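For reference, the structure discussed in these notes is given below.
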Amino acid sequence: MIDIIIPVYNGEKYIEKLLKCFAKQKMSNFKLIFVNDGSKDRSLEILNLQKEKYKFPIIILSQENSGVSSARNKGILYSTSKYITFVDVDDFVTEDYSEVLEEALKKDIDLLLFQSKRIKNTNLSEYRSKKKNLFLINEEENEKIIEDFIINPTKYGVYNLLLKRQYFQKFLFKEGLPYYEDYEYMYRIFTEREKIYFSQEQIYLYVQRENSAMNKFNKERLTSMKAIEDLSKLIQSSCSLETYKKFEEWAVARIYWSVLWQSVFAFNNYLEFKKFYQKTEAVNYLNKLKNIPLLKVKWISKIFIFAPKLYYYLINIICKKNTKIVKINFQEFCFK
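Numbering (our numbering), first residue to last: 138 to 473.
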C-alpha cells in the first residue's frame, strides 16, 4: 500500500478534478492523505463532501496555516503504509501512475525516482507513460543524478519520489522555507546510499498555474538560498570530491541564475533591474556558471557578465511569452 500525501491550501478549484484523476487508476494500491493547511476557501468542506464518493481510502487532516513543508510532515507522521509519495492538489497523474508504482513495490525498493511532465493541456487522456523498465542505480549513477540536479534543480521535485516510510520519517521537511524546500529535501534524499531505482516514465503531470507562488517575486527568493548553502558539509561528507566541488561552484549560483531572469519581469525598467543586480552581487554568482555544462545557462550568464543591458532586453524578448512573474513595486523591495 502507498500513502499519497496531498497538501491543500485554498485548493477548492482542484480537489474534485484530482479525485476524478485517481478514480481512473487501474490499481487500488493507494490511500490519499489530504492535509488541509488552514485553507480559507471551501477546500475542507469539499473534501468532506467528496470523501464517501470514491472506493479508495481518503483521509483528511487539518492544521492551522503553517506552509507546505509542515503539511507534508504532518502527513508523513500520520502515514502507516510501507511507502509514501506526494502529489500537489493542482497537478495530475497519468492513468497508469499506480501501475508503475506497483511494479516498483514488487522489487522491494528503498527509493524510486521517476519523471514528470510539464503540461498546459489538462486533457489527461493525451498523457500516458511508455512502459519503460525500472533499473537499480549504482553509486556512480547516483552521483550523476546529484550532479544533474545541481545543474538543473527543476529536473526533479518531491512528487518524483516513492520512498519507504522509514526514510521519510528520518528525513522530515525543513519548515519555514518560503522557497526551495523541495531542493533542500531532494539533496538530503539523494545523499542516501540505499536501494535506489530509477524510471524514465513520465507519470506525474505538473501544471504551471497563473496564481502559483512561483510567480511572485520577493526577497525570500534570495534569503531562502541559504538553506542550500547550509547543505555544504552534508554533500562534502556524502559525495565524491568532484561532486562536492560542483555543488560549491554551481548549486546556489544556479538558483540565483533563475532569480535574476525573473527579476527582469518583476521590475518595471532597466534602472530598477540594475539596482537589483548590483545589490545582489549578480556578477559573482554568474561568473561561477561560465563553465556549467548546461549551454543555455552558460551562455546567458556570459552575456550578462559582459553586457547586462543586452541581457535585460534579450530576456524580455526570449522569455516574455512564457513567464507569469507578477510586477512588483521596487520601493517595497528594499534591501537591508
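Backbone N, C-alpha and C define an ideal beta-carbon position, used for all residues, glycine too. This one's a predicted model, so the numbers in the text were calculated from it and none came from an experiment.
Restricting attention to Lys439, Pro144, Lys163 and Cys158, the CA atom closest to the CA of Ser203 is found in Pro144. CA-to-CA, the gap between Tyr343 and Ile256 works out to about 6 Å. Burial is judged here by how many other beta carbons sit within 10 angstroms of a residue's own beta carbon; Ser207 has at least 16 and is buried. Measuring C-alpha to C-alpha distances from Asn275 to each of Glu331, Ile455 and Phe413 identifies Glu331 as the nearest.
Straight-line measurement puts the Cα of Tyr414 at about 37 Å from the Cα of Tyr151.
Taking 9 Å as the cut-off, the Cβ atoms of Met323 and Tyr304 do not count as close.
Under the 10 Å beta carbon count, Ile455 is surrounded by fewer than 16 other beta carbons and is classified as exposed.
The beta carbon of Ala403 sits closer than 6 Å to the beta carbons of Phe354, Ile462 and Ile465 from its chain, once the five residues preceding and following it are set aside; these are given in chain order. Rounded to whole angstroms, the separation of the alpha carbons of Leu447 and Arg209 is 42 Å. For Glu284, no beta strand (DSSP E) segment is defined; the enclosing uninterrupted segment is the alpha helix (DSSP H) at Glu276 to Ile288. Judged by DSSP in its simplified three-state form, Lys353 adopts coil rather than helix or strand. Around the beta carbon of Glu201, a 10 Å sphere encloses fewer than 16 other beta carbons of the protein chains shown; the residue is thus reported as exposed. Boundaries cannot be given for Lys292, as no beta strand (DSSP E) includes it and DSSP labels it neither H nor E. Our two residues, Gln162 and Tyr191, have alpha carbons roughly 12 Å apart in a direct line. Rounded to the nearest angstrom, the gap between the Cα atoms of Met164 and Glu232 is 10 Å.
The straight-line gap separating the alpha-carbon atoms of Tyr381 and Ser369 is approximately 8 Å. As DSSP reads the structure, Tyr341 sits in a beta bridge with Val230 and Ser253.
Fewer than three Cβ pairs drawn from the region 238-257 and the region 181-191 lie within less than 8 Å of each other, which leaves the two stretches out of contact. Counting other Cβ atoms within 10 Å of its Cβ, Leu248 reaches 16 or more and is therefore classed as buried. Contact between the region 380-400 and the region 422-432 is present: 3 or more CB-CB pairs across the two stretches fall below 8 Å. The secondary-structure analysis by DSSP pairs Ile333 across a beta bridge with Leu248.
By the neighbour-count definition (other C-beta atoms within 10 Å, threshold 16), Pro290 is a buried residue.
Under DSSP, Leu169 shares a beta bridge with Ile141 and Ile195. By the neighbour-count criterion, in which 16 or more other beta carbons inside 10 Å mark a residue as buried, Asp367 falls on the exposed side. Proximity to Gly175 across Ile197, Ile213 and Ser400 peaks at Ile197, based on C-alpha coordinates. Straight-line spacing of the CA atoms in Trp394 and Tyr422 works out to 8 Å. The secondary-structure analysis by DSSP pairs Leu273 across a beta bridge with Tyr334.
Under a 10 Å Cβ-count criterion, Asn270 is classified as exposed, with fewer than 16 other Cβ atoms of the shown protein chains found around its own Cβ.
If you look at Lys301, you'll find it in the beta strand (DSSP E) that goes Leu298 to Lys301. The beta carbons of Met138 and Phe167 sit closer together than 9 Å. By the Cβ-count criterion, Gly212 is buried, with 16 or more other Cβ atoms from all chains shown falling within 10 Å of its own Cβ.
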